[in-house]
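As structure tokens, the structure follows; a few thoughts come after it.
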Amino acid sequence: MSVITIDHVTKAFGSSVVLHDFTETFGEGEFITLLGPSGCGKTTMLRIIAGFEKPTKGRVLIDEKVVSSQTVFVPPEKRDIGMVFQSYAVWPHMTVRENVAYPLEIKKVDKGTARKKVDQVLATVHLSQYADRIPSQLSGGQQQRVALARALVAEPKLLLLDEPLSNLDAKLRESMRFEIKEIQNQLAVSVVYVTHDQTEAMAMSDRIVVINNGTVQQVGAPSAIYNDPANPFVADFVGKIDFLSGLAEEGRIKLDDSLQSIPYDGSLRCPVIVGIRPEWISYAETGNLKGTVKSHYYLGDVNDCRIDIGGGKELRVITNPFESGDVSKGKKVSLAIRKSLVYKKESFGSDFLTIKT
Amino acid sequence: MRDSRVATGDKRSYFDIKWLFIIGIVAFLVVFEVFPMVYMFIKSFFPEKSFSLASYKKTYGYELNRISLRNTLVSAFGTMILGTLIAFPLAWLVGRTNLYCRKFFRGLCVMTYMVPPYVGAMAWSRLLNPNVGIVNVFIRRLFHLSMKTGPFDIYTIPGMIWVLTSFYYPYAFITISRAMEKMDPSLEEASRISGASSWTTLRTITLPMMTPSIIAGALLVFVSAASAYGIPSIIGANAKVKIPTVTTRIIDYVGLGVDGLSDAMSLAVFLMLLANLVLYISTFVVGKRKYITVSGKSTRPNTVDLGRFRVLFTVLMFVFAFIMIVLPFVTVGLTSVTKNLGKSVLEEGNFTTMHWSKIFTRKDVILSVKNSLLYAVISASFGIVVSVVMANLLERTTIKGRRIPDFLITVGSGTPSVVIALGLIMTMRGQFGLNLYNTLWIMIIAYLIKYLMMGMRTVVSAMSQIHVSLEECSRISGAGWFRTTMKITVPLIAPSIAAGWFLIFIPTFYELSMSTLLYSKDTQVIGYKLHYYWTYTSQQQASAIAFGILLFIVILNSILNKLTKGEFSI
Chain A
-8 MSVITIDHVT KAFGSSVVLH DFTETFGEGE FITLLGPSGC GKTTMLRIIA
42 GFEKPTKGRV LIDEKVVSSQ TVFVPPEKRD IGMVFQSYAV WPHMTVRENV
92 AYPLEIKKVD KGTARKKVDQ VLATVHLSQY ADRIPSQLSG GQQQRVALAR
142 ALVAEPKLLL LDEPLSNLDA KLRESMRFEI KEIQNQLAVS VVYVTHDQTE
192 AMAMSDRIVV INNGTVQQVG APSAIYNDPA NPFVADFVGK IDFLSGLAEE
242 GRIKLDDSLQ SIPYDGSLRC PVIVGIRPEW ISYAETGNLK GTVKSHYYLG
292 DVNDCRIDIG GGKELRVITN PFESGDVSKG KKVSLAIRKS LVYKKESFGS
342 DFLTIKT
Chain B
31 MRDSRVATGD KRSYFDIKWL FIIGIVAFLV VFEVFPMVYM FIKSFFPEKS
81 FSLASYKKTY GYELNRISLR NTLVSAFGTM ILGTLIAFPL AWLVGRTNLY
131 CRKFFRGLCV MTYMVPPYVG AMAWSRLLNP NVGIVNVFIR RLFHLSMKTG
181 PFDIYTIPGM IWVLTSFYYP YAFITISRAM EKMDPSLEEA SRISGASSWT
231 TLRTITLPMM TPSIIAGALL VFVSAASAYG IPSIIGANAK VKIPTVTTRI
281 IDYVGLGVDG LSDAMSLAVF LMLLANLVLY ISTFVVGKRK YITVSGKSTR
331 PNTVDLGRFR VLFTVLMFVF AFIMIVLPFV TVGLTSVTKN LGKSVLEEGN
381 FTTMHWSKIF TRKDVILSVK NSLLYAVISA SFGIVVSVVM ANLLERTTIK
431 GRRIPDFLIT VGSGTPSVVI ALGLIMTMRG QFGLNLYNTL WIMIIAYLIK
481 YLMMGMRTVV SAMSQIHVSL EECSRISGAG WFRTTMKITV PLIAPSIAAG
531 WFLIFIPTFY ELSMSTLLYS KDTQVIGYKL HYYWTYTSQQ QASAIAFGIL
581 LFIVILNSIL NKLTKGEFSI
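Protein chains in written order, with our numbering: chain A, -8 to 348; chain B, 31 to 600.
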């Protein structure tokens, strides 16, 4: 387990700044996910930690020791890090065993110990029976596990994963998620994980770092990111959400272009953006909002409906079929808002979903 | 039931026009490539209707032929080793490190690819002639050496290896650097993060992964050097003790007329089998083990930081470029304006444009330039049509026989020039119903067999970049296969077609080995003429012709560069 301190790191390629003043500390044994749309700078951050890129400004410390700064640079091979690449990067000219044994060979671990460790880690990733195959005889999922085993074999205190599941099919991706989490618990290693898949981030992380356009938007536990997003971008990127604009008043928010309003007990008194997630709404006899069912999709586990609430606005409502009753198209319904997010309109403006700070 | 009937109806009413093209190309290759080679092979074992090794016993009974065999193998092997030793570090430095001026060096490394090798031989004979070689004189003066000759002598086997290397290492360089560009950089990063230094990574990951490409490149150098004629004929003929090689011996034998043909064949069959064996090994043995993994994500190519060696390596590269390219080409240029070759061109009154005005007024030179241009244009134009059709067949259809012409074209390009030419001489003199001997057609056919592949590969790789749906959309809009090719495919791959045309045109224009065997009084070409002038008339006039060819190629290359927006140039 190790601590990573990222201290005002900025990275620019020529004139384009891909990471902007990144400061954060990742604690011992934490599973940290860097989450953001493609091109947001998350992979660059990971590669700076690994030592494949040098920061333009700022410092990176691993266990209190500076590894990257203006004056110090520890090359990747001296950092004792395990890493899994998006393309797996399994060496095609070596067998599975040779691939996995490579880091130990470099460290000149004696043959007997090395063999034992390789067997052990291959068992952990369920590849024992494939030890003597060459990579081209393995499936994508198996190659991915070889990469994982190779990253783990030298027992690094820090494991970096660069979108390791993005090339796998949906089913395998889901099971690998839990396997990686299992292994992390078992080996007590700190993990920095890069993904653009919010479900992956939610399922695995202790803390999520949401990045957009090279700037950190929010750092927090999955529940905090989901329930209390720092800005509309985070709210929109993680989970489903609809935004309405309105005016905050005493006890209520009056929606623009509509005669309706929703209850509000906050202190803002200004134009606002209201964010409501589909599962925060339920059908009720005496709801806050009246509307008409515009479309209805029955998905088995849930009813997924779009409700027209007038003024050209729609809300998506996802409910348990046992609770929603009849929500067929054209039906008049009444909606109870159980929770909503309220943001000052002037802080974000009209293009609040593509925040550039 | 109904469906199947419609399907059969379709097959009958729309005859697949592609078959016509395949049959046409295959027929051409079988008649002019396969048949002559098979004929020579059989004839060499059946000189008089029954099986006999007599002609081999006779040919290889001569000591001179055995020496030539040994010279060919030794010089080709030496060139292969030296060429690969140069090519791999060069490809790595230019492709994977933060060397200064990488793009410039990359361009230089492939430049000699497009220059006639015999020009290099001429330049190096001027530089390293044991008596009056410019470099030798310079060194003797610099160190006040009292000897009259040396220290270098180009007219030796090591000298020959040196010139061969300077012209054939680009073959290995291109093969290796292409493979290096395709290698997923995270394979190397994975090694670094596992604890290996850049050097260890180069040794344990990069080098082993490149091995198949290195071997393929090395073999290509070997076979090119073994089949070279221009360089060994210029170097070997001027040596005190002549250095014959298999190619020069074959051409000597053909020069003897009908009496020499049997000996020429026995030597040619050896060269042919050697080339075919190498081709077989590099395609089917080494080719199968190529590990090219293309990464799913476009990663910025990770460059190795040379650190404090960066400047040193860059300086070394400049020295290398100076020795390999600047020095020989400048020498040829200067030779063409020197009056007395025994003295420096800088000396009073030793500068002259006489040689240039001479070559521009000589009728035979002008005729041979005209011939070369005409033959090269015909070859390139015909070749590029075949290339486009072949690219279409290979990349767009699943017709069963489509690999046959591809295979034959590859074999043709791997066959030594002298073998192709000798085969055509042996079979196209009318005894099999076709008499092309002493016509321009026999030369154009020979050029096509040798250089078609360069054009084809360029067009095929461009075609593979164009998604098939663009063409399918044209088909669904009602255009047939031929029309789709002309209206959609050809415009899209136009830059590659232009590049392919030049890639056939340029080597055809200055071709020497085949032309030497196939020319007649009226079909002399510039490559042959230049060789003749160098050997029998005047080195200065030959240098003027050579420099003219170089300028012409440089101009063509910059046109090509403009035409394809820098995508293709040599």
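Note that CB positions come from ideal geometry on N, CA and C, so glycine has one too. All of these numbers come straight from a predicted model, not from anything done at the bench.
Inset, instruction - Report buried or exposed for W153 of chain A, applying the criterion of at least 16 other Cβ atoms within 10 angstroms of its Cβ. - result: The residue you call residue 153 of chain A lines up with position 162 of the first sequence. The question names Trp, but residue 153 of chain A in the sequence shown is Asp. Buried is the call here.
Legend entry - DSSP-derived helix/strand/coil call for I125 of chain A: Counted from its first residue, the first sequence places residue 125 of chain A at position 134. Coil, per DSSP.
Inset, instruction - Would you kindly report the start and end of the unbroken beta strand (DSSP E) that includes Y184 of chain A? - result: In the first sequence, counting from the first residue as 1, residue 184 of chain A sits at position 193. Unbroken beta strand (DSSP E) run through Y184 of chain A: S181 to T186.
Inset, instruction - Please report the residue range of the beta strand (DSSP E) in which N161 of chain B lies. - result: One-based indexing of the second sequence puts residue 161 of chain B at position 131. No beta strand (DSSP E) holds N161 of chain B; DSSP gives it neither H nor E.
Inset, instruction - Take the Cβ of S328 of chain B as the centre, count every other Cβ of all protein chains shown within 10 Å, and call the residue buried at 16 or more, exposed below. - result: As a first step, residue 328 of chain B is located in the second sequence; it is residue number 298 there, counting from the start. Its pLDDT being 41, under 50, S328 of chain B is placed unreliably in this model, and the coordinates cannot settle the point.
Legend entry - C-beta atoms of P147 of chain B and F197 of chain B nearer than 9 Å: For the purposes of this step, residue 147 of chain B is taken as the residue at position 117 of the second sequence. For the purposes of this step, residue 197 of chain B is taken as the residue at position 167 of the second sequence. Yes, these two residues count as a Cβ contact at 9 Å.
Legend entry - Reference S504 of chain B, options B:T514, B:V399 and B:V498, closest by Cα: As a working mapping, residue 504 of chain B is identified with position 474 in the second sequence. Considering only alpha carbons, the answer is B:T514.
Inset, instruction - Determine, using beta carbons only, whether A220 of chain B comes closer than 9 Å to chain A. - result: For the purposes of this step, residue 220 of chain B is taken as the residue at position 190 of the second sequence. Answer yes: the Cβ-Cβ gap between A220 of chain B and chain A drops below 9 Å somewhere.
Legend entry - Closest Cα partner of D71 of chain A within the set B:Y90, B:L112, B:V145 and B:R222: The count along the first sequence starts at 1 and reaches residue 71 of chain A at position 80. Among B:Y90, B:L112, B:V145 and B:R222, the Cα nearest to that of D71 of chain A belongs to B:R222.
Legend entry - Environment of L438 of chain B [buried if 16+ CB atoms lie within 10 Å]: Position 408 of the second sequence holds residue 438 of chain B. Label assigned to L438 of chain B: buried.
Inset, instruction - Flag A226 of chain B as yes if its beta-carbon sits less than 9 Å from any beta-carbon of chain A, otherwise no. - result: Within the second sequence, numbered from 1, the residue matching residue 226 of chain B stands at position 196. Yes - at least one Cβ of chain A is within 9 Å of the one on A226 of chain B.
Inset, instruction - Note down, in chain order, every chain B residue with its Cβ under 8 Å from the Cβ of I202 of chain A. - result: Position 211 of the first sequence, counted from the start, is the residue given in the question as residue 202 of chain A. Correct list: empty, because the minimum Cβ distance to chain B is about 17 Å.
Legend entry - Secondary structure of D436 of chain B, DSSP reduced to three states: Reading the second sequence from its first residue, position 406 is the one you call residue 436 of chain B. Of the three classes helix, strand and coil, the one that applies to D436 of chain B here is helix, per DSSP.
Inset, instruction - Indicate whether the contact test is met: 3 or more Cβ pairs, each with one atom in the segment 152 to 172 of chain B and one in the segment 220 to 236 of chain B, closer than 8 Å. - result: no
Inset, instruction - Indicate whether at least one CB of chain B lies closer than 9 Å to the CB of G42 of chain A. - result: On the first sequence, position 51 is the one that residue 42 of chain A refers to. True, the Cβ-Cβ gap to chain B drops below 9 Å.
Inset, instruction - Have a look at L403 of chain B and S296 of chain B and give me their C-alpha separation to the nearest angstrom. - result: Locating residue 403 of chain B in the second sequence gives position 373, where the first residue counts as 1. Locating residue 296 of chain B in the second sequence gives position 266, where the first residue counts as 1. Going from the Cα of L403 of chain B to the Cα of S296 of chain B covers about 34 Å.
Inset, instruction - On a CA-only basis, which of B:I389, B:N422 and B:A121 is nearest I518 of chain B? Give me that one, please. - result: Residue 518 of chain B sits at position 488 when you count from the first residue of the second sequence. When each option's Cα is compared against that of I518 of chain B, the closest is B:N422.
Legend entry - Nonlocal neighbours in the same chain, by C-beta distance under 8 Å from Y69 of chain B, ignoring five residues either side: For the purposes of this step, residue 69 of chain B is identified with residue 39 of the second sequence, where counting begins at 1. Around Y69 of chain B: G453, M456 and T457.
Inset, instruction - Quick one: measure Cβ to Cβ for T310 of chain A and D299 of chain A, integer angstroms, because I've assumed they're closer than 8 Å. - result: If you number the first sequence from 1, residue 310 of chain A lands on position 319. If you number the first sequence from 1, residue 299 of chain A lands on position 308. Rounded, the Cβ-Cβ distance is 17 Å, inconsistent with contact.
Inset, instruction - Answer with buried or exposed for Y288 of chain A, where buried requires no fewer than 16 other C-beta atoms within 10 angstroms of its C-beta. - result: Looking up residue 288 of chain A in the first sequence gives position 297. When all chains shown are included, Y288 of chain A counts as exposed.
Legend entry - Under 8 Å by beta carbon: chain A residues contacting M239 of chain B: In the second sequence, the residue the question calls residue 239 of chain B occupies position 209. What M239 of chain B touches in chain A: W82, P83 and H84.
Inset, instruction - Ignore the nearest five residues each way along the sequence and tell me which others in S366 of chain B's own chain have a CB closer than 7 Å to its CB. - result: Counted from its first residue, the second sequence places residue 366 of chain B at position 336. Closer than 7 Å at the Cβ level, and outside the excluded window around S366 of chain B, lie H385, W386, Q570, S573, A574 and F577.
Legend entry - Nearest neighbour of K330 of chain A, chosen from A:S319, A:I253 and A:S258 [CA to CA]: Numbered from its first residue, the first sequence carries residue 330 of chain A at position 339. It is A:I253.
Inset, instruction - Output the boundary residues of the alpha helix (DSSP H) element that contains I536 of chain B. - result: On the second sequence, position 506 is the one that residue 536 of chain B refers to. Counting along the chain, the alpha helix (DSSP H) containing I536 of chain B begins and ends at A524 to F539.
Legend entry - Nearest neighbour of R260 of chain A, chosen from A:N279, A:V333 and A:P83 [CA to CA]: Counted from its first residue, the first sequence places residue 260 of chain A at position 269. Cα-wise, what sits closest to R260 of chain A is A:V333.
Legend entry - Contact list for I235 of chain B against chain A, beta-carbon separation under 8 Å: Sequence index remark: in the second sequence, residue 235 of chain B carries index 205 (1-based). Those are W82, listed as they occur along chain A.
Inset, instruction - Give the residues from the segment 61 to 72 of chain A that approach chain B closer than 9 Å (Cβ to any Cβ), ordered along the chain. - result: P66, P67, E68, K69, R70, D71 and I72
Inset, instruction - Express the C-alpha separation of S249 of chain A and V185 of chain A in angstroms, rounding to a whole number. - result: Taking the first residue of the first sequence as 1, we reach residue 185 of chain A at position 194. Taking the first residue of the first sequence as 1, we reach residue 249 of chain A at position 258. Distance between the alpha carbons of V185 of chain A and S249 of chain A: 42 Å.
Legend entry - Segment limits, beta strand (DSSP E) that includes F314 of chain B: Taking the second sequence and counting its residues from 1, one reaches residue 314 of chain B at position 284. Taken as a continuous stretch (DSSP letters only), F314 of chain B belongs to no beta strand (DSSP E), as it is neither H nor E.
Inset, instruction - Classify S328 of chain B as helix, strand or coil using the three-state DSSP reduction. - result: The residue you call residue 328 of chain B lines up with position 298 of the second sequence. With a pLDDT of only 41 at S328 of chain B, under the threshold of 50, the placement of this residue in the model should not be trusted; the figure read from the coordinates follows. Here S328 of chain B sits in coil by DSSP.
Inset, instruction - Pair every Cβ in the segment 239 to 259 of chain B with every Cβ in the segment 284 to 304 of chain B, then say whether three or more of these pairs are closer than 8 Å. - result: yes
Inset, instruction - Following the continuous beta strand (DSSP E) through Y274 of chain A, name the residue where it begins and the one where it ends. - result: By 1-based counting over the first sequence, the position of residue 274 of chain A is 283. Here the beta strand (DSSP E) through Y274 of chain A covers I272 to Y274.
Legend entry - Start-to-end residues for the beta strand (DSSP E) that takes in E15 of chain A: Residue mapping note: residue 15 of chain A aligns to position 24 of the first sequence, counting from 1. Counting along the chain, the beta strand (DSSP E) containing E15 of chain A begins and ends at S7 to F17.
Inset, instruction - Compute the Euclidean distance between the alpha carbons of P262 of chain A and G302 of chain A, then round it to the nearest angstrom. - result: Locating residue 262 of chain A in the first sequence gives position 271, where the first residue counts as 1. Locating residue 302 of chain A in the first sequence gives position 311, where the first residue counts as 1. Approximately 17 Å between the Cα atoms of the pair.
Legend entry - For V229 of chain A, the three-state DSSP class (helix, strand or coil): Taking the first residue of the first sequence as position 1, residue 229 of chain A is located at position 238. DSSP places V229 of chain A in coil when its eight states are reduced to three.
Inset, instruction - Following the continuous alpha helix (DSSP H) through S59 of chain A, name the residue where it begins and the one where it ends. - result: The residue you call residue 59 of chain A lines up with position 68 of the first sequence. From DSSP, S59 of chain A is part of no alpha helix (DSSP H) but of the beta strand (DSSP E) over K56 to S59.
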